[in-house]
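Per this note's numbering, the sequence shown starts with residue 720, numbered consecutively.
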Amino acid sequence: MRFNRTAAGLCVVTLAGVLALRGFARAAEDDSSDFAAADAQILHEVREHSEATQNLEYLSDNIGARLTGSPQLKNAN
C-alpha cells in the first residue's frame with residue numbers, strides 16, 4: 720500500500736513538472752505581447768468606468784452591516 724502511494728506521488732510530481740516546463744515556457748512568450756495590451760485595456764476600463772466602487776462605497780457608508788433578516792439587508796436589496 721505504501722509503495723502505491725509513493726509511486727502515484729512520484730508520477731504526479733513528474734507529470735506536473737513536465738507540464739509546467741512545456742506550458743509555462745510557451746505561455747511566457749505569448750503573454751508579453753498579446754495579452755498585456757488586453758489586460759491593460761480591461762484594467763483601465765474597470766478603473767475609469769466601473770460603478771462597482773461607487774456601489775461598494777454606498778453600501779458600506781450608507782447602509783452598513785447587512786445581517787440576515789435585518790432592515791439594512793432589505794435596504795441593500
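Cβ atoms here follow ideal geometry from the backbone N, Cα and C, with glycine treated the same way.
Keep in mind it's a predicted model, so treat the numbers as computed, not measured.
- Remark: C-beta atoms of R785 and L792 approach each other more closely than 7 angstroms.
- Pairing A795 with I782, the inter-Cα distance amounts to about 7 angstroms.
- Judged by DSSP in its simplified three-state form, N796 adopts coil rather than helix or strand.
- Annotation: the continuous alpha helix (DSSP H) that includes T772 extends over A771 to Y777.
- The three-state reading of DSSP puts S752 in helix, counting H, G and I together.
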